[in-house]
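**Student:** Quick one: this structure, given as structure tokens, is what I'll be asking you about.
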Amino acid sequence: MESYALLIGATLSAGTVLAIAALGLLINEKAGIVNLGAEGMMLCAAIAGFATVVHTGNTWLGFAAGMGAGALLAAIFGVLVIWLNTNQCATGLALSLFGVGFSAFVGINYVQAKMPPSPKYGIPLLEDLPVVGKALFSLHPLVYATMLLAVAMVYFLYRTRAGLVLRSVGESPSSAHALGYPVRRIRLLAVVFGGALCGLALMLTAPSAWAETIRVTIEKLVFSPAEISAAVGDVIEWDNRDVMAHTATAKGDFDIVIPSKKTATLTVTKAGTFDYICRFHPNMKARLKVQ
Numbered sequence: 005m006e007s008y009a010l011l012i013g014a015t016l017s018a019g020t021v022l023a024i025a026a027l028g029l030l031i032n033e034k035a036g037i038v039n040l041g042a043e044g045m046m047l048c049a050a051i052a053g054f055a056t057v058v059h060t061g062n063t064w065l066g067f068a069a070g071m072g073a074g075a076l077l078a079a080i081f082g083v084l085v086i087w088l089n090t091n092q093c094a095t096g097l098a099l100s101l102f103g104v105g106f107s108a109f110v111g112i113n114y115v116q117a118k119m120p121p122s123p124k125y126g127i128p129l130l131e132d133l134p135v136v137g138k139a140l141f142s143l144h145p146l147v148y149a150t151m152l153l154a155v156a157m158v159y160f161l162y163r164t165r166a167g168l169v170l171r172s173v174g175e176s177p178s179s180a181h182a183l184g185y186p187v188r189r190i191r192l193l194a195v196v197f198g199g200a201l202c203g204l205a206l207m208l209t210a211p212s213a214w215a216e217t218i219r220v221t222i223e224k225l226v227f228s229p230a231e232i233s234a235a236v237g238d239v240i241e242w243d244n245r246d247v248m249a250h251t252a253t254a255k256g257d258f259d260i261v262i263p264s265k266k267t268a269t270l271t272v273t274k275a276g277t278f279d280y281i282c283r284f285h286p287n288m289k290a291r292l293k294v295q
């Protein structure tokens, strides 16, 4: 039962990331804007928040920086599609591609940089309940805030005058304009708010260290390099250039099969020194040191 409790808790935490971003994009959609650049905004927000936490040590400042980065990129997107009438789909895809490249470029400076350890969250007394305590009452505060935000957003959209105005701007902008509502400004505010939520989303799962991909080449029955150093969270990628399959096997820790002319990866989850071999060709040996 303990494993099921952990699974439920992990599912709620992972789903919260998607829920926050979806709520932001919902506001965009209701305002009549299709934002395909959410991925780019989330990635830029992730590196902005990560860098802020690394330099300040304050997680909540990291969340604020992530929201600010998401809102800034959303504002740029909004100006382009609302005032300059650029194509929404093309602009969104361009923003997404920009975010992927920009976050990777800036992130190089933070490879192996570590954030301070996250505090343990939980609702007093309730978190000590068997099974349901870990499943439902030991989660990040943003998980509960997102549930409340979803309910509040439904109420806002369908039970308030402001929500009615927002929906009218999206469904019939000409009618809203005829009634005197500033359609462009309302749409821009909706886009910025949605961008801020997208920026907040990915910071919830920010890693404790900016991960690095470490490549090991397998050629002529040799691991190269034969010894590598990594940190928890890094990704090890084996590139098999031989005509036969190989494995990277550390007894009791991992067993990765690498097909011929293919690659295989492993995300490092714990520290230690791991001597590994190829099960098919035991003379092939290498070592992985994880800090």
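With my numbering, letter number 140 in the sequence shown gets 144, and the count goes up by one each step, no holes.
All C-beta atoms, glycine included, are put in the ideal place defined by N, C-alpha and C.
(1) When burial is assigned at 16 or more other CB atoms within 10 Å of the CB, is C282 buried or exposed?
(2) Going by C-alpha distance, which of W64, L29 and A9 is nearest G199?
(3) Taking all protein chains shown into account, decide if V38 is buried (16 or more other Cβ within 10 angstroms of its Cβ) or exposed.
(4) Report yes or no: do three or more beta-carbon pairs, one from the region 8-16 and one from the region 129-140, lie closer than 8 Å?
(5) Using a Cβ-Cβ cutoff of less than 8 Å, which residues in the same chain neighbour N62 once the five nearest sequence positions on both sides are dropped?
(6) Can you tell me where the alpha helix (DSSP H) holding T150 begins and where it ends?
(7) Can you list the alpha helix (DSSP H) stretches of 4 or more residues lying completely in the region 106-131, in chain order?
(8) Tell me where the beta strand (DSSP E) around W242 begins and ends.
(9) Are the CB atoms of D246 and T3 within a distance shorter than 8 Å?
(10) Based on the DSSP output, what are the partners of V220 in its beta bridges?
(11) Check whether the region 75-90 touches the region 120-132, taking contact to mean three or more Cβ pairs, one atom from each stretch, closer than 8 Å.
(12) In three-state DSSP terms, what is K289?
(13) So L256 packs on A73, CB below 8 Å; how close in whole Å?
(14) Less than 6 Å between C-beta atoms, sequence neighbours within five positions excluded: which residues of the same chain meet that for I51?
(15) Taking only three categories from DSSP, how would you classify S233?
(16) Near A268, which residues of its chain fall below 7 Å by C-beta distance, leaving aside the five closest residues on each side in sequence?
(17) What span of residues does the beta strand (DSSP E) with A254 cover, start to end?
(18) Give every residue of the same chain whose Cβ lies closer than 7 Å to the Cβ of S100, excluding the five residues on either side of it in the sequence, and list them in chain order.
(19) Could you compute how far the alpha carbon of F102 sits from the alpha carbon of P128?
(20) Let me make sure I understand the geometry here. Which of V158, I240 and Y125 has the alpha-carbon closest to that of L146?
(21) Comparing alpha-carbon positions, which option in S17, H285, S172 and L130 lies nearest I31?
(22) When the Cα atoms are used, what is the spatial distance from T164 to A49?
(23) In its own chain, which residues sit with a C-beta less than 7 Å from the C-beta of S264, not counting the 5 before and 5 after it?
(24) Cutting at 6 Å between CB atoms, please list the residues of its own chain near E131, excluding the five before and the five after it.
(25) Would you report the Cα separation of V58 and Q92, rounded to the nearest angstrom?
(26) Considering only their Cβ atoms, is the gap separating L27 from A305 smaller than 8 Å?
**Tutor:** With the given structure in hand:
(1) By the neighbour-count rule (16 or more Cβ atoms within 10 Å), C282 is buried.
(2) Across the set W64, L29 and A9, the C-alpha of L29 shows the shortest separation from the C-alpha of G199.
(3) Answer is exposed; the Cβ neighbour count stays below 16.
(4) Verdict: yes, contact present.
(5) Excluding residues within five positions, the ones whose Cβ falls inside 8 Å are T56.
(6) Judged by DSSP secondary structure, T150 falls within the alpha helix (DSSP H) whose first and last residues are P145 to R163.
(7) You should have found no qualifying run.
(8) DSSP places W242 in the uninterrupted beta strand (DSSP E) bounded by V239 to N244.
(9) Limits of the chain in this structure are 5 at one end and 295 at the other, which puts residue 3 out of reach.
(10) Bridge partners of V220 according to DSSP: W242.
(11) At 8 Å Cβ cutoff, the stretches do not touch.
(12) Note: K289 maps to strand in three-state DSSP.
(13) Contrary to the premise, residue 256 reads as Gly rather than Leu in this sequence. In fact, because the Cβ distance is near 42 Å, the residues do not count as touching under 8 Å.
(14) Taken in chain order, the residues that qualify are S107, V110 and G111.
(15) In the structure shown, S233 adopts extended strand secondary structure according to DSSP, grouped into three states.
(16) Within the same chain, A268 has close Cβ partners W242, I260, V261 and I262.
(17) Taken as a continuous stretch (DSSP letters only), the beta strand (DSSP E) holding A254 covers H250 to A254.
(18) Exclusion of the five residues before and after S100 leaves L40, G41, E43 and G44 as the residues of its chain whose Cβ lies within less than 7 Å of its Cβ.
(19) The C-alpha of F102 lies about 43 Å from the C-alpha of P128.
(20) When V158, I240 and Y125 are compared, the shortest CA-CA separation from L146 is found for Y125.
(21) Closest by alpha carbon: S172.
(22) Taking the straight line joining both Cα atoms gives about 31 Å.
(23) Counting only Cβ-Cβ distances below 7 Å, and skipping sequence neighbours, we find N244, D246, V247, M248 and A249.
(24) G137, F141 and S142, listed in sequence order.
(25) Rounded to the nearest angstrom, the two C-alpha atoms are 35 Å apart.
(26) A query on residue 305 cannot be resolved here, the shown segment of the chain reaching from 5 to 295 and no further.
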